[in-house]
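Going down the list, the sequences are from chains Z and D.
All you need for the numbering used here is the position in the first sequence, starting with 1, plus 220.
All you need for the numbering used here is the position in the second sequence, starting with 1, plus 220.
Each residue gets a CB set at the ideal place from its N, CA and C atoms; glycine is no exception.
For clarity, every value in this text was computed on a predicted model and none was experimentally measured.
Everything on this sheet refers to the single structure shown next.
Protein chains: 2
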Amino acid sequence: MGEHKKMPRASVLRMELCLELLEQLEADGSVYVTSRQIGEATGVSADKVRQDFFHLGSEGKPKVGYEVAQLAELIRSVLDLKTAKKTCLVGLGNLGRALTASNIWSRAGFELAAIFDTDPSLIGTTTAGIRVRNVTEIYGVVKAENIIAGVAAVPASAAQDTADLMVGAGIRAIWNFAPVKLHVPEDVVVESQSLAWGLITLSYEMKNNIKDQAPERAK
Amino acid sequence: MGEHKKMPRASVLRMELCLELLEQLEADGSVYVTSRQIGEATGVSADKVRQDFFHLGSEGKPKVGYEVAQLAELIRSVLDLKTAKKTCLVGLGNLGRALTASNIWSRAGFELAAIFDTDPSLIGTTTAGIRVRNVTEIYGVVKAENIIAGVAAVPASAAQDTADLMVGAGIRAIWNFAPVKLHVPEDVVVESQSLAWGLITLSYEMKNNIKDQAPERAK
DNA sequence: CGGCATTCGTTAAACAATTAACAATTTAAT
DNA sequence: ATTAAATTGTTAATTGTTTAACGAATGCCG
Chain Z
221 MGEHKKMPRA SVLRMELCLE LLEQLEADGS VYVTSRQIGE ATGVSADKVR
271 QDFFHLGSEG KPKVGYEVAQ LAELIRSVLD LKTAKKTCLV GLGNLGRALT
321 ASNIWSRAGF ELAAIFDTDP SLIGTTTAGI RVRNVTEIYG VVKAENIIAG
371 VAAVPASAAQ DTADLMVGAG IRAIWNFAPV KLHVPEDVVV ESQSLAWGLI
421 TLSYEMKNNI KDQAPERAK
Chain D
221 MGEHKKMPRA SVLRMELCLE LLEQLEADGS VYVTSRQIGE ATGVSADKVR
271 QDFFHLGSEG KPKVGYEVAQ LAELIRSVLD LKTAKKTCLV GLGNLGRALT
321 ASNIWSRAGF ELAAIFDTDP SLIGTTTAGI RVRNVTEIYG VVKAENIIAG
371 VAAVPASAAQ DTADLMVGAG IRAIWNFAPV KLHVPEDVVV ESQSLAWGLI
421 TLSYEMKNNI KDQAPERAK
């Protein structure tokens, strides 16, 4: 029985993929699933799947596999997806609007509870049933609503200031979309996900893939 | 003089950060910059900065540092940011619209040249100066326009089909936003960047950060 | 009931990335 | 000139992640 000290970041990402599959299987009425089946369905090697499950203390039966519902619940528990986490969004630009309309929040236990911007023409309007407030109100709103997470969908130039505001208001986790490394106290979690990164890495990979074509021989 | 065989993925991402800083310095008129200065400005250790530069074959002078313009050009070259790469977008939902309006394309050398969707009410309309086409036209358009990269901003259920269409049309690189591992020939590059991942990892980190508060003592 | 095939949990090895260390090089000061 | 301080390019060591391997457990079939 493996004790989960700290799970590799890559494992966490794979768990998300896996959970999606498990919920689908659950809906289809499947009771058991093997690491091989999971691997084939998600495109991950069976070995890696088992190693991941080992990290979170798996409870499968040899020859049978893992109980779908139980495993899904375990993943949700380790990833802490079930506890509700109130969140605020700062920056209602194009990306902010896309995030607001997205259905990813509830899946991970987040609830979008407030939206802030600096644009006077936006303040006071309503998006997704939430009134857009001036970012200067962030302190009071975060305290009053007990918001613990924040999304920074602002230009790079405003990212650090936004982060400072959030930290000052007591937010413990920041999802940052600006291509900037935020400077925050160590008890605040930051997850950076600049959209630009995808294109940059694509560009690099495209250039290098031509050479790798011959030598590499992936299974 | 280091020969760049293959650069770690993390290095590529840091280069993006670094390039942003370099361009800013260039605009400010700075001529030289040291690894320490870069480190302080970007939040990366100076050692790591030098190691990264080593990967791409750096050319700095001891005691002086790196020539800003030259280093920026080197990074653009290794990341292949200057060569134009025509791109198409499939899926004009909220995320697709946000991407369309974004300014990240030209920065990495990409040019959004076509938009596809399946929604009849969208086909024929114009977004960002580009006419939205039926996704069935993708083969012809990609061939005619010489498009080499594609963005899949579609639901998870449609992701693999979209990828197959792209590959069939001759696209060599896919930027995938669906939380799915795409199955493609090995000469096609895939960069996955599901928005959900950010929330998932945030959730996990938030849960674990409480414990790490005391033991860890980061500089 | 007893072997056989399958699958899990765990350990070990291989691989990759980060961090640290250090000699070589250049500027600047005396 | 010569020393001293600073910074680079590179190698070495540490750390972390992925891949492989293998005994133990379980169901299945004769």
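Unbroken alpha helix (DSSP H) run spanning residue i, endpoints
{"i": "Ala376/D", "result": "Ala376 to Ala389"}
{"i": "Phe274/D", "result": "Ala266 to His275"}
{"i": "Val232/D", "result": "Arg229 to Asp248"}
{"i": "Ala261/D", "result": "Ser255 to Thr262"}
Alpha-carbon to alpha-carbon, residue j and residue i
{"i": "Arg270/D", "j": "Gly344/Z", "result": "48 Å"}
{"i": "Lys363/Z", "j": "Met227/D", "result": "44 Å"}
{"i": "His275/D", "j": "Val253/Z", "result": "43 Å"}
{"i": "Ala328/D", "j": "Ile420/D", "result": "27 Å"}
{"i": "Val400/Z", "j": "Val251/Z", "result": "45 Å"}
{"i": "Ser423/Z", "j": "Leu301/D", "result": "7 Å"}
{"i": "Pro460/Z", "j": "Thr307/Z", "result": "The shown model of chain Z, from 221 to 439, leaves out residue 460/Z, and the question about it has no answer."}
{"i": "Asn429/Z", "j": "Arg392/D", "result": "9 Å"}
{"i": "Gly311/D", "j": "Leu332/D", "result": "13 Å"}
{"i": "Val298/Z", "j": "Asn354/D", "result": "42 Å"}
{"i": "Phe273/D", "j": "Arg351/Z", "result": "47 Å"}
{"i": "Ala261/D", "j": "Val408/D", "result": "36 Å"}
{"i": "Ser231/Z", "j": "Leu241/Z", "result": "15 Å"}
{"i": "Gly259/Z", "j": "Ile324/D", "result": "34 Å"}
Within 9 Å, strictly: CB atoms of residue i and residue j
{"i": "Lys305/Z", "j": "Ala369/Z", "result": "yes"}
{"i": "Ser377/Z", "j": "Asn396/Z", "result": "no"}
{"i": "Ile367/D", "j": "Ala334/D", "result": "yes"}
{"i": "Ala266/D", "j": "Ser278/D", "result": "no"}
{"i": "Thr320/Z", "j": "Thr347/Z", "result": "yes"}
{"i": "Glu411/Z", "j": "Ile394/Z", "result": "yes"}
{"i": "Ala416/D", "j": "His403/D", "result": "no"}
{"i": "Tyr441/D", "j": "Leu385/D", "result": "Coverage of chain D is limited to positions 221 through 439, which leaves residue 441/D absent and any answer about it impossible."}
{"i": "Gly313/D", "j": "Val374/D", "result": "yes"}
{"i": "Gln257/D", "j": "Gly285/D", "result": "yes"}
{"i": "Leu309/Z", "j": "Ala318/D", "result": "no"}
{"i": "Leu239/Z", "j": "Ile295/Z", "result": "yes"}
{"i": "Val264/Z", "j": "Arg234/Z", "result": "yes"}
Residue i - DSSP class collapsed to helix/strand/coil
{"i": "Asp337/Z", "result": "strand"}
{"i": "Thr345/D", "result": "coil"}
{"i": "Lys427/D", "result": "helix"}
{"i": "Arg353/Z", "result": "strand"}
{"i": "Val404/D", "result": "coil"}
{"i": "Leu422/Z", "result": "helix"}
{"i": "Lys281/Z", "result": "strand"}
{"i": "Ser414/D", "result": "coil"}
{"i": "Asn314/D", "result": "helix"}
{"i": "Ile295/Z", "result": "helix"}
{"i": "Leu319/Z", "result": "helix"}
{"i": "Val251/Z", "result": "coil"}
{"i": "Lys363/Z", "result": "helix"}
{"i": "Lys226/D", "result": "coil"}
Residue i, enclosing beta strand (DSSP E) - first and last residue
{"i": "Gly370/Z", "result": "Ala369 to Ala372"}
{"i": "Ala393/D", "result": "Ala393 to Asn396"}
Quiz item: Which residues, in chain order, does the stretch 250 to 280 of chain Z contribute to contact with chain D at a C-beta distance below 8 Å?
Solution: Thr262, Gly263 and Val264
Exercise. Compile a chain-ordered list of the residues in the stretch 311 to 333 of chain Z whose CB is closer than 9 Å to at least one CB of chain D.
Key: Gly313, Asn314, Leu315, Gly316, Arg317, Ala318, Leu319, Thr320, Ala321, Ser322, Ile324, Trp325, Arg327, Ala328, Gly329 and Phe330
Exercise. With 7 Å as the C-beta to C-beta threshold (strictly closer), list the residues of the stretch 371 to 397 of chain Z near chain D in chain order.
Key: Arg392, Ala393 and Trp395
Quiz prompt | Contact set between the stretch 337 to 349 of chain D and chain Z, restricted to residues whose Cβ is under 9 Å from the partner | solution = none
Practice problem: Please name the residues in the stretch 412 to 428 of chain D whose beta-carbon is closer than 9 Å to at least one beta-carbon of chain Z, in chain order. | Solution: Ser412, Gln413, Ser414, Leu415, Ala416, Trp417, Gly418, Leu419, Ile420, Thr421, Leu422, Ser423, Tyr424, Glu425, Met426, Lys427 and Asn428
Practice problem: Select from the stretch 231 to 243 of chain D all residues with a C-beta closer than 7 Å to any C-beta belonging to chain Z, and list them in chain order. | Solution: Val232, Leu233, Glu236, Leu237 and Glu240
Quiz item: For the stretch 290 to 306 of chain Z, which residues have a CB atom closer than 9 Å to at least one CB atom of chain D, in sequence order?
Solution: Val298, Leu299, Asp300, Leu301, Thr303 and Lys305
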